[in-house]
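Protein chains in written order, with this note's numbering: chain A, 4 to 325; chain B, 110 to 361.
Below is one structure, written out as structure tokens, with a few remarks after it.
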Amino acid sequence: MTFLSDSALERLRVAADAPDLTGTRYHLLGKLGQGGMGGVFRVDDSTLEREVALKVINVAYLDLSARLLQEARVIAKLEHPGIVPVHDAGMLPDGRPYYTMKLVQGKRIDELGKDMGGIADRLRTFLRICEPVAFAHAHGVLHRDLKPTNIMIGPFGEVLVMDWGLSKALAAGIDSAESGSVAEDCAADPAAVVATAHGSVLGTPGYMAPEQRNGEIVDQRADVYALGAILEFLLQDAQPRVPARLAAIWRKAKAEDRDTRYASVPDLADDVAHFVDGLPVSAYPESIVSRIWRWIARNRTWILLLLVYVVVRALLILFRPR
Amino acid sequence: MQALAEDTGIGGAQHRFPQTRWSVIQGARSSQPEQRQRALDVLVSAYWKPVYKYIRLHWGKPDEEAKDLTQDFFTRLIEKNLLDRFDPAKARLRTYLRVCVDGLVMNTDKAAQRQKRGGDVAVLPLDFESAEGELLELPIAGPGGPEEFFAKEFARSLFGLAVDRLQNECQAKGKSLHFQLLELYDIDEGGRQLTYEEVAGRFGIKPTDVTNYLAYARREFRRIVLEELRDMTGSEDEFRREAQTLLGVRLP
């Protein structure tokens, strides 16, 4: 048997893993990452003279090839600034399906740490994460794999929701009985199971709603749960200490019982926006004293100006020359 | 590039990838003696070197004792029906075999082993000298534990088998040059420093032929690795995980 040195072994591994781009317009530049059922490569598009990302199904998941093409079609239909656009799709000479998409030169939010800024900055980022997810829900698509490693911040601050590999497009809307349940799809989809048990999602079960873990029917509230977990992640090391009203929002989003969660992503985003604006949030019932204090805090500039005006007027009256 | 297929079955449009094949697990559990023997042959071909090196390096056994233990391990594997107890849902075959090796080494009485070797037990024709020579090429101490060491040696063995099979298949199809290019670029040291133009000049072919021939050889190599791996795994899930481990690498 041929003896292979460590370096030869590694070269053969790379050669066997890499997509066969012979005769295509793409030239391989490197590997960007490995997901549950596919690898993402950096390639040069020789026709348009630009670099793009090429996702190809992993050789171990060839029986799920149709899913990769379904993923491409789902993303192609979701034209939103927060969703990476698909450029091209097809079959490689080695029989593997692929699609290309915009190459995002950003950072994942799990890599940013303290660079995320203060609480206000983090909440603004969170609201921008909610936008493409809500957009997808409005078009009958669940993401089902939202987590910090799938959220990228681009070089100009743009927020992008990545990896729609486990997404599910429902023909007649979310959780339609006629179109089949997402839970049934999950149960029949080894990639979904593997991707949530192995690979790139190791250590991220905390982002999966209980009903999704249990293989039950899921709807948009599963994504609400994941967004709640992302909100908690974003604020876990934020300074100053996160107010109780804000913590209540992610607790409500992450409720074990989905009936007690926010019913939709816009509902969750509204509550976060209310917090930013100093308005009452549905997740945190307040006493009258708390409401007054919050009202004072929200209007402290005007109250201060009024107090200054009153004090000055009083002083003028008291010390007016007689 | 082909057009987008509406539905893609296993192997894509051109069926370049292997379908599920006969597995050593099924073979080892078969009631047919010839199937059991075939299972042993396949298993031995892929695992004997990892097992021998593991016993030599991880257990620190001298070469003669390691040879005895390696022979004994594969004999017991079939005679004691050890593969009947393997459950793909609980562990990978690779891990199961390594644990079996650990058990054998810990429990084997050296004298009894020698006595057994002198009896009726068939001795497998294993080229221990080559394995011993390969030990000299390995790093003295790797960063990983026994599982990582065993996995790497299994990958080395499986890829070595695939390279040999690829060479034979290429020769049979009159495509020896395709294999030589893979050998030059992916196996020999220093081949990557040559440009496709230089290689084309050396072999008297066009640079585009270098690209195409190399792509063919790599494609066939991947197919063979996956076929061999299917033989060595007990379930679809184990096959996927092993394929991810073997092929899921980052490019430099």
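C-beta atoms are modelled at their ideal positions from N, C-alpha and C, and glycine is treated no differently.
Scanning the region 145-190 of chain B from its first residue to its last, the whole alpha helix (DSSP H) runs of 4-plus residues come out as 172-188. Taking the CA atoms as reference points, V107/A sits about 7 Å from G157/A. Taking E74/A as reference, the option from Y29/A, D23/A, S49/A and R147/A with the minimal CA-CA separation is R147/A. Per DSSP, the beta-bridge partners of I154/A are V164/A. In terms of Cβ geometry, A229/A and L149/A form a close pair [threshold 8 Å]. D20/A belongs to the set of residues whose beta carbon lies under 8 Å from a beta carbon in chain B.
In chain order, F126, R331, L335, A352 and L356 make up the part of chain B whose C-beta sits under 8 Å from the C-beta of V62/A. Secondary structure note for M94/A: its beta strand (DSSP E) is the uninterrupted segment V89 to M94.
Distance from R207/B to E256/B at the Cβ level is roughly 7 Å; contact confirmed, criterion being Cβ atoms closer than 8 Å.
With respect to Y161/B, T179/B sits close: the two C-beta atoms are nearer than 8 Å.
In this model, L202/B and P22/A are separated by some 28 Å (Cα to Cα). For M4/A, the nearest CB of chain B lies under 8 Å from its own CB, placing it at the interface with that chain.
Annotation: D66/A to L303/B spans about 37 Å, alpha carbon to alpha carbon.
If you check each beta-carbon in the region 310-321 of chain B against every beta-carbon of chain A, the ones closer than 8 Å belong to T320 and N321.
Not a single C-beta of chain A is nearer than 8 Å to the C-beta of I134/B.
The three-state reading of DSSP puts Y29/A in strand, counting E and B together.
Residue burial annotation: S266/B is buried, with at least 16 other C-beta atoms found within 10 angstroms of its C-beta.
In this structure, D274/A lies away from A266/A, with their beta-carbon atoms at least 8 Å apart. Put simply, the CB of E143/B is far from chain A, with every gap to its CB atoms at 8 Å or more. In this structure S8/A is not in contact with H30/A, their Cβ atoms being roughly 27 Å apart against a cut-off of 8 Å. Within chain A, L7 and L12 have C-beta atoms less than 7 Å from the C-beta of R265/B, given in sequence order. In this structure F258/B is in contact with H167/B, their Cβ atoms being roughly 6 Å apart against a cut-off of 8 Å. If you check the CB distance, F183/B and W157/B come in under 8 Å. Contact between the region 75-83 of chain A and the region 130-145 of chain A is present: three or more C-beta pairs spanning the two stretches fall below 8 Å.
Burial check for V311/A: the Cβ neighbour count within 10 Å stays below 16, so the residue is exposed. Here the C-alpha atom of R297/A lies approximately 21 Å from the C-alpha atom of R125/A. The beta carbons of V268/A and D226/A sit about 7 Å from each other, so the pair counts as a contact at 8 Å. Put simply, the backbone Cα of V214/B is about 15 Å away from that of L191/B. Scanning chain B for C-beta atoms nearer than 8 Å to the C-beta of L15/A yields F268, V272, D295, I296 and F330, reported in chain order. In the structure shown, D236/B falls within a coil segment according to DSSP collapsed to helix, strand and coil.
Listed along chain A, the residues sitting closer than 9 Å to F348/B by beta-carbon distance are A63. Of the residues assessed, K282/B falls on the exposed side of the cut-off, its CB having fewer than 16 other CB atoms within 10 angstroms. Listed by position along chain A, the residues whose Cβ is nearer than 8 Å to that of E243/B are F6.
Distances from the alpha-carbon of R138/B to those of A240/B, A326/B, I187/B and S154/B put I187/B closest. Between W167/A and V77/A, the gap from beta carbon to beta carbon is short of 8 Å.
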